[in-house]
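Participant: The structure's right below; bear with me while I get my questions together.
Written as structure tokens, this is what we have:
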């Protein structure tokens with residue numbers, strides 16, 4: 001009887017049962033392995049994700065060539081990672097991520113420009129957030145402050161600081177390290193310290 | 198000035214073209230050509246769209262060749278080009294990763310696309326344009342080619358690409374309604390219709406000049422107490438309203454209209 005509580009036992013048993021080019025239905029497999037139909041279906045889904053299985057008809061399975069090789073090699077299916085992660089990692093949809101994309105497109109920008117491009121109705125105080133973010137990026141040399149300013153409109157306003165993207169390392173927005181002098185660059189996968197003044 | 202994004206007619210045309218791409222009949226017709234003179238809001242529109250959708254943005258360079266394009270794409274997809282060997286393998290990684298990204302975006306109900314800015318610089322180069330077509334075709338990825346004057350003409354040289362880009366969006370100067378929408382949405386002081394009309398005329402519909410005018414109107418309007426209609430043309434008589442894009446000189450409102 002297959003241990004029903006071990007996450008890898010049922011797929012491993014299924015892999016071995018189907019070896020040799022057999023094509024069996026869920027009912028036959030459930031009888032042979034003493035599993036419920038649901039457990040057979042879940043185990044089959046596990047093998048399908050690994051490209052070890054073909055679904056010949058509804059509820060009828062046969063091993064692929066890769067599956068046959070794995071069965072011959074006596075592979076034990078476990079619940080752990082299946083190797084290195086080749087697929088892309090999702091870029092988080094945050095205000096700072098969107099602002100980083102906008103910086104890339106614009107090249108030169110003010111805080112209001114970034115707010116206009118990156119903010120969504122759910123953002124609390126985007127201007128304040130982005131000002132702090134730009135301060136962090138500037139300290140690490142990723143953004144430089146240009147000598148001229150965009151004209152302000154308020155009385156006695158000194159205008160808006162004009163920034164330029166100085167270092168673009170990739171699409172993932174760097175994050176400002178809390179309490180430390182620097183940023184973490186997810187594209188380079190390392191911390192970048194502040195440039196000493 | 199309020200940092201609001203205003204959906205002018207040009208922006209609506211751009212969104213409509215993307216909608217047509219999503220609802221297209223021929224799957225390979227997935228290119229959109231965006232062109233127009235500088236200062237009409239192309240960069241602002243694209244910057245907003247790229248930021249909100251997480252799409253891939255590339256800026257074409259004069260010396261681009263096939264390898265450079267693929268390397269830039271790999272970098273934008275967070276893949277170190279050095280770790281992928283060979284042209285074929287690099288192309289395969291680009292295609293598979295773009296497919297994954299498009300699928301993730303569609304699960305979240307978003308459009309994911311590839312934007313190539315300053316496409317005029319490479320639009321007469323068959324090698325680059327065919328590479329873009331190849332990438333776009335394999336994943337039926339919405340591809341937005343952005344340029345100014347020559348892009349549309351150059352594409353006629355490549356019928357196989359031209360046929361994939363039935364959606365063309367030309368950014369045109371803002372009309373009175375667009376000027377009014379821009380001023381109403383971004384200006385922090387109320388502006389009277391006669392001044393809106395004047396701004397529309399002297400700016401010749403260029404967003405850049407309209408925004409310049411809004412800044413001038415705000416600076417003036419904050420200092421006075423405007424009437425119920427807002428700042429009128431008469432209020433600002435003799436004041437500079439914007440700088441002329443050809444001469445760089447300030448454009449002033451005539452003292453006597």
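Chains as they are written, first to last, in this note's numbering: chain A, 1 to 197; chain B, 198 to 454. Where a beta carbon is used, it is the ideal one built from N, C-alpha and C, also for glycine. These numbers come from a predicted model, not from an experiment.
Counting only beta-carbon atoms, is residue 404 (chain B) nearer than 8 angstroms to chain A?
Facilitator: No, residue 404 (chain B) does not count as interfacial toward chain A.
Participant: Buried or exposed, going by whether 16 or more other CB atoms sit within 10 Å of the CB of residue 401 (chain B)?
Facilitator: exposed
Participant: Between the region 247-260 of chain B and the region 311-328 of chain B, do at least 3 Cβ pairs fall closer than 8 angstroms?
Facilitator: yes
Participant: Across which residues does DSSP place residue 340 (chain B) in a beta bridge pair?
Facilitator: B:228 and B:311
Participant: Could you pull out every unbroken alpha helix (DSSP H) segment of at least 4 residues lying fully inside the region 151-194 of chain A, listed in chain order?
Facilitator: none
Participant: Is any beta-carbon of chain B found at less than 8 angstroms from that of residue 181 (chain A)?
Facilitator: With 8 angstroms as the cut-off, residue 181 (chain A) does not count as an interface residue toward chain B.
Participant: Compare the C-beta of residue 278 (chain B) with all C-beta atoms of chain D and state if any pair is closer than 8 angstroms.
Facilitator: Here chain D cannot be found, since the structure's protein chains are A and B.
Participant: Which word fits residue 239 (chain B), buried or exposed, when buried means at least 16 other C-beta atoms lie within 10 angstroms of its C-beta?
Facilitator: Residue 239 (chain B) counts as buried, since at least 16 other C-beta atoms from the protein chains shown sit within 10 angstroms of its C-beta.
Participant: Contact defined as beta carbons within less than 8 angstroms: I believe residue 418 (chain B) pairs with residue 386 (chain B). What is the distance between those atoms, to the nearest angstrom?
Facilitator: Contact holds; Cβ gap of about 3 angstroms.
Participant: Helix or strand or just coil, what does DSSP make of residue 295 (chain B)?
Facilitator: Note: residue 295 (chain B) maps to helix in three-state DSSP.
Participant: Given that a residue counts as buried once 16 or more other Cβ atoms are within 10 Å of its Cβ, and exposed if not, what is residue 412 (chain B)?
Facilitator: buried
Participant: Grab me the residues of residue 40 (chain A)'s own chain with a C-beta within less than 8 angstroms of its C-beta, minus the 5 sequence neighbours each way, in chain order.
Facilitator: 10, 14, 26, 29, 30 and 33
Participant: Please list, in chain order, all residues of the same chain as residue 205 (chain B) whose beta carbon is under 8 angstroms from its beta carbon, the five residues on each side excluded.
Facilitator: Cβ neighbours of residue 205 (chain B) beyond the five flanking positions: 238, 371, 375, 378, 379 and 404.
Participant: Taking beta-carbon pairs under 7 angstroms, can you tell me which members of the region 133-153 of chain A lie near chain B?
Facilitator: 151 and 153
Participant: Of all the options A:147, A:18, A:113 and A:179, which has the alpha carbon lying nearest to the alpha carbon of residue 61 (chain A)?
Facilitator: A:18
Participant: Excluding the 5 residues flanking residue 236 (chain B) on each side, which residues of the same chain have their C-beta closer than 8 angstroms to its C-beta?
Facilitator: The answer, listed in chain order, is 403, 404, 405, 406 and 442.
Participant: Would you say residue 376 (chain B) lies against chain A (beta-carbon separation less than 8 angstroms)?
Facilitator: no
Participant: Let me check one thing: in DSSP terms, what residues is residue 428 (chain B) bridge-paired to?
Facilitator: Its beta-bridge partners are B:388.
Participant: Taking Cβ positions, are residue 247 (chain B) and residue 105 (chain A) nearer each other than 8 angstroms?
Facilitator: Residue 105 (chain A) is positioned such that its CB atom lies closer than 8 angstroms to that of residue 247 (chain B).
Participant: Using a Cβ-Cβ distance under 8 angstroms, would residue 161 (chain A) count as near chain B?
Facilitator: no
Participant: What residues are listed by DSSP as bridge partners for residue 364 (chain B)?
Facilitator: B:229
Participant: State buried or exposed for residue 233 (chain B), treating a residue as buried only when at least 16 other CB atoms are found within 10 Å of its CB.
Facilitator: Burial call: buried.
Participant: For residue 105 (chain A), which residues does DSSP report across the bridge?
Facilitator: Note: residue 105 (chain A) sits in no beta bridge, so no partner.
Participant: Quick one: what's got a C-beta closer than 7 angstroms to residue 173 (chain A)'s C-beta in the same chain, skipping five residues either side?
Facilitator: Around residue 173 (chain A): 96, 97 and 100.
Participant: Could you please tell me which residues of the region 259-276 of chain B, in chain order, have their CB closer than 9 angstroms to any CB of chain A?
Facilitator: 272, 273, 274, 275 and 276
Participant: List, from N- to C-terminal side, the alpha helix (DSSP H) runs of 4 residues or more that fit wholly inside the region 1-34 of chain A.
Facilitator: If we require 4 residues or more, the alpha helix (DSSP H) runs fully inside the region 1-34 of chain A come out as 9-17 and 26-33.
Participant: Can you tell which of A:6, A:53 and A:177 has the C-alpha that lies nearest to the C-alpha of residue 136 (chain A)?
Facilitator: A:177
Participant: Taking Cβ-Cβ distances below 7 angstroms as the criterion, which residues of the region 310-324 of chain B are in contact with chain A?
Facilitator: none
Participant: Kindly indicate which three-state DSSP category residue 147 (chain A) falls into: helix, strand or coil?
Facilitator: strand
Participant: Please check if any C-beta of chain B sits within less than 8 angstroms of the C-beta of residue 115 (chain A).
Facilitator: yes
Participant: When you compare the CB positions of residue 337 (chain B) and residue 227 (chain B), do they come within less than 8 angstroms of one another, or not?
Facilitator: yes
Participant: Grouping DSSP H, G and I as helix and E and B as strand, with all else coil, what is residue 42 (chain A)?
Facilitator: helix
Participant: What is the DSSP secondary structure of residue 112 (chain A), reduced to helix, strand or coil?
Facilitator: helix
Participant: Near residue 321 (chain B), which residues of its chain fall below 6 angstroms by C-beta distance, leaving aside the five closest residues on each side in sequence?
Facilitator: Leaving aside the five residues that flank residue 321 (chain B) on each side, the residues in its chain whose CB is nearer than 6 angstroms to its CB run, in chain order, 351.
Participant: What residues from the region 225-251 of chain B come within 8 angstroms of chain A, judged by C-beta to C-beta, listed N to C?
Facilitator: 240, 241, 243, 244, 245, 247, 248, 249 and 251
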